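The sequence shown begins at 283 in the numbering used here and counts up by one. Data block below; observations after.
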Amino acid sequence: MSELETLLTFVTNFRDFHDEKGFFRAVDLFSKEQLQSKAIVVFSLPFGNKKNWNIDHCRIVWNKSRLDSKELPKEIFSKVVFHESGITTDKPVNINNEDFFVYFLGQEGAQELYLLAQVPENSILSRLSHHFAHFLRTGFDNMERYKEVRRLQSLVHIDDVTGLFNQRKLYKDLDESILRHETDGESFYVLFIDIDHFKKVNDGHGHLVGTRLLVEVAKLMQRTLRETDLIYRYGGDEYVLILPGATDEVARMVGKRMLKAIKEHPFNVTKDSKQPMHLSVSIGLAGYPMDAKSRDDILDIADRMMYQAKESGRGRVCHAGELLES
Numbered sequence: 283m284s285e286l287e288t289l290l291t292f293v294t295n296f297r298d299f300h301d302e303k304g305f306f307r308a309v310d311l312f313s314k315e316q317l318q319s320k321a322i323v324v325f326s327l328p329f330g331n332k333k334n335w336n337i338d339h340c341r342i343v344w345n346k347s348r349l350d351s352k353e354l355p356k357e358i359f360s361k362v363v364f365h366e367s368g369i370t371t372d373k374p375v376n377i378n379n380e381d382f383f384v385y386f387l388g389q390e391g392a393q394e395l396y397l398l399a400q401v402p403e404n405s406i407l408s409r410l411s412h413h414f415a416h417f418l419r420t421g422f423d424n425m426e427r428y429k430e431v432r433r434l435q436s437l438v439h440i441d442d443v444t445g446l447f448n449q450r451k452l453y454k455d456l457d458e459s460i461l462r463h464e465t466d467g468e469s470f471y472v473l474f475i476d477i478d479h480f481k482k483v484n485d486g487h488g489h490l491v492g493t494r495l496l497v498e499v500a501k502l503m504q505r506t507l508r509e510t511d512l513i514y515r516y517g518g519d520e521y522v523l524i525l526p527g528a529t530d531e532v533a534r535m536v537g538k539r540m541l542k543a544i545k546e547h548p549f550n551v552t553k554d555s556k557q558p559m560h561l562s563v564s565i566g567l568a569g570y571p572m573d574a575k576s577r578d579d580i581l582d583i584a585d586r587m588m589y590q591a592k593e594s595g596r597g598r599v600c601h602a603g604e605l606l607e608s
């Protein structure tokens, strides 16, 4: 197989990568096995005027251990990276019978990423460098486009007021939780939470203050939850939590902790911060498959338990007719 065919075979079989590390590892492995590369590192420089760059601006972002030190050796940096014309591309600089190439990968935020390859003198890479540079740039561009698509897709599942997951994401995650129970036997609990007397806040202080309050309550609940728990804005002043793998005891504990955190927190959302608001919430709790047999079923039961908590005096957790006072 010719050298060009070797590279073409790699490019043809190269799967799409969705993260930088996976992409860099695959390139590094191919470079070592087929291009006799001794070291590949990725470094970044701030986007902007290249004439003002210096070695202090350089940061190794991948594969630091492949170099003798954590910084690019100054000799390599000065001869390979910086020239009067700026960054080199696919033309090597020879230092002590070793060829050094620098390839521009692309821009990520305010940084430009470059790949530095160290190979023996007159290696295959010296003859295929132009093709290799094109492959790297194309591969990195594809990966960045995929990340942008994923970012835009995630916005479909985000509530634009609180920044929490929205109702659409809740339905999706409940379906996945039920499927996980069917395959792994993992149960879960749902907490349906409603702010008590929220209408009075809107009527008395206006919708802007009400919106601020929704955001602050969301932030407080996020800080109160376990790392594995999921939180959603269901609509209006209603929130839903999913507690994966939780027991009945844990679910009750989370509910009581949520009541306490909100009751004791001063909400400074009005112009007169000297008079903070104090709130309470009512919480309905239901477990799957203990209390419900479907997605709609568990939401309906948790919702009804929440209303029962309100009818029983508010500021409570209600589970299957059993009330836990805060």
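Cβ coordinates follow ideal geometry from the N, Cα and C atoms, glycine included. For clarity, every value in this text was computed on a predicted model and none was experimentally measured.
Asked	Found
Pull up the distance between the alpha-carbon of Ser-576 and that of Glu-468, whole angstroms please.	15 Å
Quick one: Cα of Val-522 to Cα of Leu-446, how far?	10 Å
Just verifying my parser: in three-state terms, what is the DSSP assignment at Glu-315?	helix
Helix, strand or coil, according to DSSP, for Gln-393 in the structure here?	strand
Find the nearest neighbour of Val-384 within the set Asp-478, Lys-429, Val-375 and Leu-456, judged by alpha-carbon distance.	Val-375
Would you call the stretch 536-543 and the stretch 562-581 in contact, with 3 or more CB pairs under 8 Å?	yes
Helix, strand or coil: how does DSSP classify Glu-403 here?	coil
Report yes if the CB atom of Phe-382 is closer than 7 Å to the CB atom of Tyr-396, and no otherwise.	no
Any heavy atom of the ligand FMN closer than 6 Å to the Cβ of Met-535?	Among the ligands in the structure shown, none appear at all, so the ligand FMN cannot be discussed.
On a Cα-Cα basis, can you pick out the residue from Phe-312, Val-343, Asn-550 and Asp-301 that is closest to Thr-493?	Asn-550
Roughly how many angstroms separate the alpha carbons of Phe-474 and Gly-304, rounded to a whole number?	40 Å
According to DSSP, what are the bridge partners of Ala-520?	It is worth fixing the name first, because residue 520 is Glu in this sequence and not Ala. Glu-520 pairs with Asp-476 and Gly-517.
So, at 6 Å on beta carbons, what are the nonlocal neighbours of Asp-310 in its own chain, with the 5 sequence-adjacent residues on each side left out?	Ile-322
Suppose contacts are defined by Cβ-Cβ distances below 7 Å. Is Phe-329 in contact with Ala-392 by that definition?	yes
Thinking C-alpha only, which one of Leu-434, Arg-450, Val-401 and Asn-345 is nearest Gln-318?	Val-401
Return the first residue and the last residue of the beta strand (DSSP E) that Arg-598 is part of.	598-601
Taking three-plus beta-carbon pairs below 8 Å as touching, is the stretch 413-430 in contact with the stretch 438-452?	no
Starting from Val-491, follow the alpha helix (DSSP H) in both directions and report where the run begins and ends.	489-506
Under 7 Å Cβ to Cβ from Leu-496, same chain only, skipping five residues before and after it: list those, please.	Val-443, Thr-444 and Asp-519
Is Met-587 helix, strand or coil by DSSP?	helix
Is Leu-502 near His-547, with beta carbons less than 7 Å apart?	yes
Could you tell me which residues DSSP pairs with Ala-543 in its beta bridges?	According to DSSP, which records beta bridges pairwise, Ala-543 is partnered with nothing at all.
Rounded to the nearest angstrom, what separates Arg-515 and Gln-449 at their Cα positions?	7 Å
What does the Cβ neighbour count give for Glu-287, buried or exposed, with the cut at 16 atoms within 10 Å?	exposed
Would you list the one or two residues that DSSP bridges to Leu-398?	Val-323 and Val-384
Under the three-state reduction of DSSP, which class applies to Phe-410: helix, strand or coil?	The residue you asked about is not Phe; residue 410 is Leu in the sequence shown. Of the three classes helix, strand and coil, the one that applies to Leu-410 here is helix, per DSSP.
CB-CB under 7 Å to Ile-477, same chain, minus the five flanking residues each way: which ones, in chain order?	Val-499, Asp-519, Leu-561 and Val-563
Rounded to a whole number of angstroms, what is the C-alpha to C-alpha distance between Leu-434 and Phe-422?	19 Å
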